[in-house]
Amino acid sequence: MNNKRIYLCLAHMSGREMDFVQEAFDTNWVVPLGPNVNGFEADLEAFVGEGKKVVALSAGTAAVHLALLACGVGPGDEVLVQSFTFCASSHPVTYLGATPVFVDSEPETWNMDPDLLETAIRDRIAKTGRAPKAIVPVALYGMPYRIDRILSVADRYGIPVVEDAAEGLGSRFDGQVLGTFGRYGVLSFNGNKMITTSGGGALICPDAAAKQEIMFYATQAREAYPYYQHERIGYNYRMSNICAGIGRGQMTVLDDHIAHHKKLQALYSALLAGVPGVTLHENPSPRYDSNFWLCTVTLSPELRVKGEDKAYAAAVQGAVGGAAGVTHAGGGVHTAHEPNRNVEALRMALDAAGIESRPLWKPMHLQPVYAAAPAYVNGVSEALFRTGLCLPSGPCVSEDDVRYIVQTIKDAIA
Ligand SMILES: *Cc1c(COP(=O)(O)O)cnc(C)c1O
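Under the working numbering, residue 529 is the last one in the sequence shown; the count climbs by one each step, no gaps.
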């Protein structure tokens with residue numbers, strides 16, 4: 116029996132973070148700029164390569180927001196967003212007064228379907244007379260999207276791509292780091308991501324001029340005068356020098372973290388190989404090199420799991436993931452779209468054994484808040500949501516933990 120609780124993905128410090136944070140205090144750089152911000156950006160630029168420039172920001176959500184702004188997205192515009200994602204990919208579209216148009220996934224990567232993307236573009240042009248302003252594919256759970264095909268569609272219609280690589284830091288397609296293919300690339304350093312700054316994000320930019328423009332909007336759009344002069348609306352989105360100090364410490368273990376996630380994925384793969392009805396999501400071909408931020412499985416609807424009769428018997432207390440203590444009244448037991456009973460029963464069995472797991476992200480086109488948004492769907496993400504579960508990964512999860520998790524899964528099968 117295991118006594119500690121095993122979480123989905125937790126931050127893990129390198130031991131170097133406090134050196135950089137202490138230096139910020141010692142030199143009185145406790146502000147949203149400074150040597151750690153510059154150093155962290157330089158580390159990230161070296162890591163992603165391709166001659167890209169990086170701006171450190173207060174959150175990945177802020178990075179999505181500013182990338183869309185820089186693509187010229189404004190009121191009345193449309194932006195094509197992968198439906199199978201976390202809400203931070205699409206919410207900033209609405210901050211700008213624009214409308215997200217959701218595009219479903221293809222079954223190999225679980226990410227944006229390039230054929231459906233093209234169908235959506237043609238149909239939006241036919242219906243509105245204008246092309247959407249940007250395309251946002253998402254590296255869900257770290258898995259690379261089919262960026263070669265997405266780029267060729269995007270180029271055909273002259274639409275910029277904003278890669279949401281928030282979950283895919285260090286994932287590669289054809290050996291190239293995600294976030295460096297499109298015009299902009301989004302990274303997140305939230306507490307549960309591949310590395311953390313406690314909270315933070317970054318935007319990968321094509322060149323120094325684009326970086327300058329993003330920094331301008333991230334610091335309240337102050338014009339170059341000896342007094343505050345504002346000719347555009349800006350945001351307070353720069354990363355603090357304290358958070359960047361944590362980031363610099365984390366950069367010293369980024370490669371180790373990625374290697375550990377991949378090692379756990381390989382172990383899940385070996386241990387789950389003989390378990391019928393449980394399918395691990397893997398790289399579809401050697402062109403894809405996921406960081407396996409989270410390891411994910413789908414359950415065959417025929418698989419019977421103990422305790423299915425108790426699934427959805429009681430309302431869950433509190434919101435999922437990182438929102439502890441933030442409860443919003445009015446939650447019931449069921450919604451119009453929910454995971455199959457065997458998935459919920461397995462989640463409960465793992466929970467009872469001290470293991471956190473979580474259904475796959477609920478597609479945005481099924482979210483009530485986006486009921487009015489156009490969507491181009493093929494059933495793939497909806498089926499994945501009904502059948503899938505995220506399993507723990509990350510530097511706080513050991514190989515013994517994975518053995519325990521897989522044994523618990525086997526024991527839960529009826
Ligand atoms: C985490 C995440 C973001 C950005 O998140 P922040 O929490 O604001 O840093 C964006 N997109 C996806 C898909 C994410 O998972």
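All C-beta atoms in this analysis are idealised placements derived from N, C-alpha and C, irrespective of residue type, glycine included.
Setting aside the 5 residues that flank it on each side, residue 529 is surrounded in the same chain by 419, 420 and 421, each with a C-beta closer than 7 Å to its C-beta; the list follows chain order. Under DSSP, residue 214 forms a beta bridge with 193.
Within 10 angstroms of the beta-carbon of residue 352 lie 16 or more other beta-carbons, which makes it buried. Within the same chain, 353 and 355 come within 6 Å of residue 147 by CB-CB distance, once the 5 residues on both sides are set aside. DSSP places residue 317 within a strand segment (E or B) once states are collapsed to three. In the DSSP assignment, the residues bridged to residue 334 are 351. With 7 Å as the limit, the residues whose C-beta approaches a heavy atom of ligand 1 more closely than that are 174, 175, 176, 177, 179, 200, 201, 203, 204, 253, 255, 279, 281, 282, 301, 303, 304, 305, 308, 314, 315 and 316, in chain order. For the set 236, 242, 285 and 243, the Cα lying nearest the Cα of residue 267 is the one of 236.
Bounds of the alpha helix (DSSP H) holding residue 384 are 369-387. Under the DSSP assignment, residue 175 falls in the alpha helix (DSSP H) whose first and last residues are 175-185. Put simply, of 412, 169, 159 and 198 the residue whose alpha carbon is nearest the alpha carbon of residue 228 is 198. Contact between residue 247 and residue 239 holds: CB atoms are separated by about 5 Å, below the 8 Å threshold.
Going by beta carbons, residue 414 and residue 504 fall inside the 9 Å limit. Checking the DSSP bridge columns, you'll see residue 395 partnered with 412. Remark: C-beta atoms of residue 121 and residue 470 approach each other more closely than 9 Å. DSSP places residue 360 within a helical segment (H, G or I) once states are collapsed to three. Exposure of residue 340 is indicated by the presence of fewer than 16 other C-beta atoms within 10 angstroms of its C-beta. Just so you know, the alpha carbons of residue 195 and residue 318 end up roughly 19 Å apart. Listed in chain order, the non-local C-beta contacts of residue 131 below 6 Å within the same chain comprise 364 and 367, local neighbours out to five positions each way being set aside. Following the DSSP letters along the chain, one finds residue 426 in no alpha helix (DSSP H), marked with neither H nor E.
Contact between the region 397-415 and the region 374-389 is present: 3 or more CB-CB pairs across the two stretches fall below 8 Å. Here the alpha carbon of residue 396 sits roughly 29 Å from the alpha carbon of residue 430.
With respect to the 9 Å criterion, residue 215 and residue 193 are classified as neighbours on the basis of their beta carbons.
No Cβ-Cβ contact shorter than 9 Å links residue 331 with residue 316. Here residue 463 carries a helix assignment [DSSP, helix/strand/coil].
Only buried fits residue 129, as 16 or more other CB atoms lie within 10 angstroms of its CB. Distance from the Cα of residue 456 is smallest, within the candidate group 172, 466 and 423, for 423. In terms of Cβ geometry, residue 260 and residue 278 form a close pair [threshold 9 Å]. For residue 168, the enclosing beta strand (DSSP E) has its first and last residue at 168-172.
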